[in-house]
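My numbering puts the first residue of the sequence shown at 75, with every later residue one more than the last. Cβ coordinates follow ideal geometry from the N, Cα and C atoms, glycine included. Below: the structure, in structure tokens.
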Amino acid sequence: MDDLAVTTTTHIQARWVLSALGDSVSWARMKFKAKKSKCLVLRHGRVAGQVMQIQGEEIPSIYS
């Protein structure tokens with residue numbers, strides 16, 4: 075897999091999707107490179123400082 079984009083309506087859904095993706099990738103004995111990924115969380119049209127993680131690593135924000 076080369077590229078993947080996840081879009082959800084709430085950060086709770088995003089955490090659930092990232093958890094499921096992490097489990098599937100771990101099952102395949104692979105690992106995401108969280109440092110090479112970016113996330114953007116918007117709340118009421120403004121950038122929120124919400125932290126997202128995959129496989130225990132923090133995904134950096136676009137604005138950090």
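Would you mind working out which of the options sits nearest residue i, comparing C-alpha positions?
i	options	result
Lys109	Gln87, Gly130, Ala94, Ala122	Gly130
Bridge partners of residue i, per DSSP?
i	result
Arg120	Arg117
Met126	Ile133
Note down, in chain order, each residue of its chain lying with its Cβ closer than 6 Å to the Cβ of residue i, except the 5 sequence neighbours on either side.
i	result
Ala122	Val115
Met124	Sequence inspection shows Gln at residue 124; the Met mentioned does not correspond to that position. Closer than 6 Å at the Cβ level, and outside the excluded window around Gln124, lie His85, Val115.
Leu92	Ile128
Ala88	Thr82
Is it buried or exposed for residue i, if we count other Cβ within 10 angstroms and need 16 for buried?
i	result
Met104	exposed
Less than 8 Å between C-beta atoms, sequence neighbours within five positions excluded: which residues of the same chain meet that for residue i?
i	result
Val99	Lys105, Phe106, Gln129
Ser111	Ile128, Ile133, Pro134
Leaving aside the five residues before and after residue i along the sequence, list all residues of the same chain whose C-beta is less than 7 Å from its C-beta, in chain order.
i	result
Tyr137	Val121
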